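Undergrad: Protein sequences, first through last, are from chains R and Y.
Quick note on the numbering used here: the first sequence kicks off at 1 and runs consecutively.
Quick note on the numbering used here: the second sequence kicks off at 130 and runs consecutively.
Quick reminder that beta carbons are idealized off the backbone N, C-alpha and C, glycines included.
Computed from a predicted model, the values in this text were never measured in an experiment.
Here you go, one structure.
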Amino acid sequence: MDIEKTQQFLIQTETAAQEILIIKDELVALDFRRQKTREAFRALKNDMIPGEKAWMSVGNMFVKTRTLKAQNLLEREMKELDKDISDLHNKLKEQVKMLRDLEGKPELKGFDLQPITKEADIIMKALSK
Amino acid sequence: MAAIPSVKVAEVREFSRIERIGTHSHIRGLGLDDALEPREVSQGMVGQLTARRASGVVLEMIREGKIAGRAVLIAGQPGTGKTAIAMGMAQALGDNTPFTSMAGSEIYSLEMSKTEALTQAFRKSIGVRIKEETEIIEGEVVEVQIDRPATGTGAKVGKLTLKTTDMETVYDLGNKMIESLIKEKAQAGDVITIDKATGKISKLGRSFTRARDYDATGPQTRFVQCPEGELQKRKEVTHTVTLHEIDVINSRTQGFLALFSGDTGEIKSEVRDQINSKVAEWREEGKAEIVPGVLFIDEVHMLDMECFSFLNRALEDDMAPVLIMATNRGITKIRGTKYRSPHGIPIDLLDRMVIIATQPYEEKEMKQILKIRCEEEDAEMQEDALLVLTRLSMETSLRYAIQLITVANLIARKRKAMEVGTQIVIEVLVLFISYSFLHFP
């Protein structure tokens, strides 16, 4: 009986932990894409003349488009990536909460709070002076 | 003038603290096991099992937040461990819960009224938990490239290459960023953090892989690992501040100075109302959590009638901490009146309180306590000397015996003796007389 229970418990915690690791890897990959897109955007902005056409790689293909169009595309992609990363962060927090629940650890204090960065900054600056 | 590389990261800075060996410095907790049963000798606490078990229950209720706005009274003869239990509770609660400790007589001050002193004490015991979130870029500098315009005037342009173990990328730098980088003296091999919102650059140290670059490094150089994972991360930090601290910050422009000088003076009730409504607003929006803490008032019989009526009212507030009081008086006059009541506290307040009674210690418990104090004060005591002290504490009082330990230890050390013997204890006895030996005509 005990062995089965332990096995169940182990399966659950290992799955939850694996989910977290997968999300972390995804975050790294997304950030990588974000940085590369940003580099491309800046390269277009700095080096290209607005009239000319630029080569851009879209997936497996190389496409020659007007610089403006390319810039818009890249900007849109960056926005989407930002949103995806944000969503993933929230998902990560949920998963961590679940894992801690499973492991029987006490809840992390202040986990679910909405951030108030401006006010918090003022308070902490005033207190640490 | 050489600029010291600044490491402005939120790390815990450990200063070597000179810990004063106080009367209760040997207490590390209540000494309870997981079932809230007290162990005979544990975490510095000895005996007093019923009172400790009761305090353990109170502690659990505090942790679960079920007891905010209630009062607990620890009453017993002098020298029975009341303050010790309060210290144990404070240690057991840990750093997350605000614990304010004060003596009853502290509220009498010329600078502020009694009610103001009590209100401040109350608000020092209520914490507010807030969170800040920032996006930071953290990585090891691979290359910094700054181009100065050929004409001498005009903005500089630059590129900064940062890497982590998983990726590497190039950032374009504007003028302000270049200035900050130069100011921080960031070079290839340094691990830096850039706050995306404010643009602040902090140096975390130098990468281990670049440790062999130079034959000699300055005394301030720290080596850290190359960061892993994403370059741009999200950082969340949670802080717990007390309502009193927020009051002071808001009540004057230079409020933060007042926190240290202690001269907070009277804080206007409008300011407090504003703060209360703001914190309530944050609570609604899920931006802050209230952490009710503990206010411990020792010698509560020193409070007078006005204070007690104020306490009655203040406990009804929706943001009130747990009030733990301690007194060693039996049936005494309530200060400020000529009525007598148990512990010098009015009956209506006594009614709202949960009372924990402490009993005088038995001989073997006193011996154990004396042993713990000897260890705490670094005194080697012979077995006979310990027995003498135990008998002494039974005849006179525990505190007297504890104080003799310090004196006897000093004399023993002066005489280059390794241990404190019975001889020395008897000598000290004659030198410092206990009040119970004194008979005045």
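When we look at the beta-carbon of Arg528 of chain Y and count the other beta-carbons within 10 Å, is it buried (16 or more) or exposed?
TA: exposed
Undergrad: Taking the continuous alpha helix (DSSP H) assigned at Leu539 of chain Y, which residues delimit it?
TA: Leu527 to Lys543
Undergrad: What did DSSP end up calling Gln274 of chain Y once you bin it into helix, strand or coil?
TA: strand
Undergrad: Which residue marks the beginning of the alpha helix (DSSP H) containing Asp513 of chain Y, and which one marks its end?
TA: Glu512 to Glu524
Undergrad: Would you mind telling me which residues of chain R sit closer than 9 Å to Thr229 of chain Y, beta carbon to beta carbon, in chain order?
TA: In chain order: nothing, as chain R lies at least about 16 Å away.
Undergrad: Anything in chain Y within Cβ reach of Arg35 of chain R, meaning under 8 Å, just list it in chain order.
TA: Note that residue 35 of chain R corresponds to Gln in the displayed sequence, not to Arg. Those are Met296, Thr298, Leu360 and Gln361, listed as they occur along chain Y.
Undergrad: What are the start and end residues of the alpha helix (DSSP H) that includes Arg624 of chain Y?
TA: Lying outside 130 to 570, the shown extent of chain Y, residue 624 of chain Y is not represented and no answer is given.
Undergrad: How is Gly268 of chain Y classed by DSSP in three states: helix, strand or coil?
TA: strand
Undergrad: Helix or strand or just coil, what does DSSP make of Arg199 of chain Y?
TA: coil
Undergrad: Can you check the region 425 to 511 of chain Y for any beta strand (DSSP E) of at least 3 residues that lies completely inside it and give the ranges in chain order?
TA: Within the region 425 to 511 of chain Y, the complete beta strand (DSSP E) runs of at least 3 residues are 451 to 456, 460 to 462, 469 to 471 and 482 to 487.
Undergrad: Output, in chain order, the set of chain R residues within a Cβ distance shorter than 9 Å of Ile378 of chain Y.
TA: Here the neighbours are Ile122, Ile123, Ala126 and Leu127.
Undergrad: For Tyr343 of chain Y, count the other beta carbons within 10 Å of its own beta carbon; 16 or more makes it buried, fewer makes it exposed. Which is it?
TA: exposed
Undergrad: Can you grab the Cα-Cα spacing for the pair Ile214 of chain Y / Arg542 of chain Y, in whole Å?
TA: 32 Å
Undergrad: Just the chain R side, please: which residues come within less than 8 Å of Ala417 of chain Y by C-beta, in chain order?
TA: Leu113 and Ile116
Undergrad: Within 10 Å of its beta-carbon, does Met130 of chain Y have 16 or more other beta-carbons around it, so buried, or fewer, so exposed?
TA: Unreliable placement is indicated for Met130 of chain Y, whose pLDDT of 40 sits below 50; no coordinate value is reported for it.
Undergrad: Return helix, strand or coil for Glu399 of chain Y, following the three-state DSSP convention.
TA: When secondary structure is reduced to three states using DSSP, Glu399 of chain Y falls in the helix class.
Undergrad: By the 9 Å beta-carbon criterion, what residues does the region 212 to 239 of chain Y contribute toward chain R?
TA: Asn225
Undergrad: In whole angstroms, what is the alpha-carbon distance linking Leu575 of chain Y and Thr466 of chain Y?
TA: Coverage of chain Y is limited to positions 130 through 570, which leaves residue 575 of chain Y absent and any answer about it impossible.
Undergrad: Which residue's Cα is closest to the Cα of Leu53 of chain R: R:Leu10, R:Ile3, R:Asp2 and R:Arg66?
TA: For the sequence presented, residue 53 of chain R should be read as Lys rather than Leu. Nearest option by C-alpha distance: R:Arg66.
Undergrad: Does the CB of Arg42 of chain R have a neighbour CB from chain Y at under 8 Å?
TA: yes
Undergrad: Could you please tell me which residues of the region 249 to 268 of chain Y, in chain order, have their CB closer than 7 Å to any CB of chain R?
TA: Arg258, Ile259, Lys260, Glu261, Glu262 and Thr263
Undergrad: Can you list, in chain order, the residues of its chain whose CB lies under 7 Å from that of Val557 of chain Y, leaving out five sequence neighbours each side?
TA: Leu533, Val536, Ala537 and Ile540
Undergrad: Just to confirm the assignment, what range does the beta strand (DSSP E) spanning Glu107 of chain R have?
TA: From DSSP, Glu107 of chain R is part of no beta strand (DSSP E); its letter is neither H nor E.
Undergrad: Determine whether the beta carbon atoms of Leu99 of chain R and Ala29 of chain R lie at a separation below 8 Å.
TA: Going by C-beta atoms, Leu99 of chain R is not nearer than 8 Å to Ala29 of chain R.
Undergrad: On the DSSP letters alone, give me the boundaries of the alpha helix (DSSP H) that Ile156 of chain Y sits inside.
TA: Element bounds for Ile156 of chain Y: n/a, residue is neither H nor E.
Undergrad: Which residues of chain R have a Cβ atom closer than 7 Å to the Cβ of Val370 of chain Y, listed in chain order?
TA: For a Cβ distance threshold of 7 Å, residue set Ile123 and Leu127 of chain R lies close to Val370 of chain Y, ordered along the chain.
Undergrad: Distance check for Pro207 of chain Y and Ser526 of chain Y, CA to CA, integer angstroms please.
TA: 9 Å
Undergrad: How close, in whole Å, do the beta carbons of Ile116 of chain R and Ile378 of chain Y come, if the pair is a contact with beta carbons under 8 Å?
TA: No, Ile116 of chain R and Ile378 of chain Y are not in contact; Cβ-Cβ is about 15 Å, not under 8 Å.
Undergrad: Starting from Leu558 of chain Y, trace the alpha helix (DSSP H) in both directions and tell me its first and last residue.
TA: Looking at the DSSP string, the run of the alpha helix (DSSP H) that includes Leu558 of chain Y is Thr551 to Leu560.
Undergrad: Do Gly287 of chain Y and Ile307 of chain Y have their CB atoms nearer than 8 Å?
TA: Against a cut-off of 8 Å, the Cβ pair of Ile307 of chain Y and Gly287 of chain Y comes out as a contact.
Undergrad: Apply the 10 Å Cβ neighbour rule to Gly205 of chain Y and answer buried if 16 or more other Cβ atoms are within range, or exposed otherwise.
TA: buried
Undergrad: Do His153 of chain Y and Arg502 of chain Y have their CB atoms nearer than 8 Å?
TA: no
Undergrad: Got a sec, what are the start and stop residues for the alpha helix (DSSP H) Gln35 of chain R sits in?
TA: Here the alpha helix (DSSP H) through Gln35 of chain R covers Asp2 to Asp47.
Undergrad: If we define contact as Cβ-Cβ less than 8 Å, is Thr525 of chain Y a contact residue for chain R?
TA: no
Undergrad: Kindly identify the DSSP beta-bridge partner or partners of Lys362 of chain Y.
TA: Y:Ile265
Undergrad: Using beta carbons (cut-off 8 Å, strictly below), is Val28 of chain R in contact with chain Y?
TA: yes
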